[in-house]
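In the UniProt record's numbering, the protein residues as written are 1 to 369.
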């Protein structure tokens, strides 16, 4: 727990990107070694792709990554402790279902790191929270990324009110009662982006709600809204002009790196990493780091992962780094441009699930995966 406290204490302390990377690299190297010892399948993968125990790493870009698709095909586990939760996400590509097992320590670690990141924008005081979702959805999907995200955000709020009923329709009375009680001072709104827009925005606009004291947190893919010609800029502008809401933060995360979210700045100039994480955008032809402004495949790195080797992952998302140490906050600022139809790694193809020999991923007789 002392190590966790040290990582959380990093929140807000580093300045430039090099100062952020300096403490992160040794933590991630330590995690590579930890998961090598704790997860035999991961150890066999590292050996097969040329990352023996003696290998030296001088840069985050040199660390071995796993494709997120691997977790849809194989249960990679780094704990022998009792599992208290299994988080699932089917994603939007492929046919498999990701299952991430957590023991009690890992679950608590992720919870605390998520809170530390959210408090960067919400502050340490818990605020009233309006949730643009239904309680039945959260109960039914507690083990999904949807349920886990709602429960995680609830940790930074109080006097929670759900804005949707069990049929996923807006509960106007519940929303109005919440605003009557809390809209005179700072309060939180949280929901998945498509629900916030399709369920909540129209009610707020037609009833002329004053959301000037609100801080809106939202997450999730933009595909449904893109089909309606609703871009992130349109989303922000409509809320500001029609409701007075100016504090709006999108965030990006995934079940394979629970506890780690990348938050959009207040001005919307990009997503930023927490201090215990980083992103690298890679050219899908060479797998070298793409230049600033050049789109590529997003790699995510986080020191939050303990129960599974999810600390360095190649996602199936297309993204771009807009700048480094030149934005509203220090560090890299980036955007997610959308999902890849299929991530087709070439050059590091040995780590693809379909090309890894099955014997690397299967535990020996009597062993665990």
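By construction, the Cβ of each residue, glycine as well, lies at the ideal position given by its N, Cα and C atoms.
Span of the beta strand (DSSP E), counted from its first residue to its last, around residue i
i, result
"residue 338", "332-339"
"residue 302", "296-302"
"residue 319", "312-324"
Residues of its chain near residue i, where Cβ-Cβ distance is below 6 Å and the 5 sequence neighbours each way are ignored
i, result
"residue 338", "318"
"residue 266", "none"
"residue 51", "64"
"residue 195", "132"
"residue 346", "For residue 346, the pLDDT reaches just 33, beneath the cut-off of 50, and the residue's location in the model is therefore unreliable, leaving the point undetermined."
"residue 114", "152 and 259"
"residue 79", "103 and 307"
"residue 35", "42, 78 and 309"
"residue 238", "none"
"residue 294", "none"
Nearest candidate by alpha-carbon position, reference residue i, set the options
i, options, result
"residue 313", "197, 212 and 69", "69"
"residue 273", "255, 164 and 300", "300"
"residue 49", "207, 62, 37 and 58", "62"
"residue 183", "119, 220 and 243", "243"
"residue 235", "209, 198, 214 and 262", "198"
"residue 28", "47, 58, 41 and 40", "58"
"residue 121", "208, 214 and 332", "214"
"residue 81", "74, 66 and 105", "105"
Cut-off 8 Å between Cβ atoms - residues of its own chain near residue i, not counting five sequence neighbours on either side
i, result
"residue 292", "321, 322, 323 and 324"
"residue 126", "156, 157 and 158"
"residue 24", "60, 275, 276, 277, 278, 301 and 303"
"residue 336", "252, 271, 298, 317, 318 and 319"
"residue 71", "98, 99, 100, 256, 308 and 310"
"residue 315", "68, 254, 297, 298, 299, 300 and 343"
"residue 53", "33 and 36"
Limits of the alpha helix (DSSP H) - the one that residue i falls within
i, result
"residue 110", "104-122"
"residue 40", "40-48"
"residue 234", "232-243"
"residue 202", "202-206"
"residue 71", "70-73"
Backbone CA spacing between residue i and residue j [nearest angstrom]
i, j, result
"residue 32", "residue 311", "8 Å"
"residue 247", "residue 258", "25 Å"
"residue 18", "residue 212", "37 Å"
"residue 270", "residue 170", "30 Å"
"residue 395", "residue 302", "Because the chain here runs from 1 to 369, residue 395 falls outside it and cannot be looked at."
"residue 350", "residue 252", "With a pLDDT of only 36 at residue 350, under 50, the local geometry of the prediction cannot be trusted, and the value read off the model is given with reservation. So the alpha carbons of these two residues sit roughly 28 Å apart."
"residue 55", "residue 249", "40 Å"
"residue 256", "residue 88", "9 Å"
"residue 154", "residue 136", "15 Å"
"residue 21", "residue 281", "15 Å"
"residue 241", "residue 123", "25 Å"
"residue 145", "residue 99", "10 Å"
"residue 118", "residue 109", "14 Å"
"residue 264", "residue 76", "31 Å"
"residue 187", "residue 37", "45 Å"
"residue 206", "residue 268", "25 Å"
"residue 232", "residue 245", "14 Å"
"residue 176", "residue 225", "25 Å"
Residues of its chain near residue i, where Cβ-Cβ distance is below 7 Å and the 5 sequence neighbours each way are ignored
i, result
"residue 16", "325 and 330"
"residue 172", "203"
"residue 150", "131, 133 and 138"
"residue 191", "131, 132, 133, 200 and 218"
"residue 8", "Residue confidence is low: residue 8 scores 49 on pLDDT, short of 50, so the model does not pin down where it sits. Its coordinate-derived value is still stated next. For residue 8, where only same-chain residues beyond five positions count, the Cβ hits under 7 Å are 112, 113 and 116."
"residue 220", "192, 193 and 194"
"residue 168", "134"
"residue 39", "76, 77, 78 and 309"
"residue 165", "134 and 171"
Closer than 9 Å to chain C by CB, residue i
i, result
"residue 240", "Any reference to chain C falls outside this structure, which holds one protein chain only."
For a minimum of 3 consecutive residues, which ranges assigned as the beta strand (DSSP E) are wholly contained in the segment 112-191? If we require 3 residues or more, the beta strand (DSSP E) runs fully inside the segment 112-191 come out as 127-132 and 157-162.
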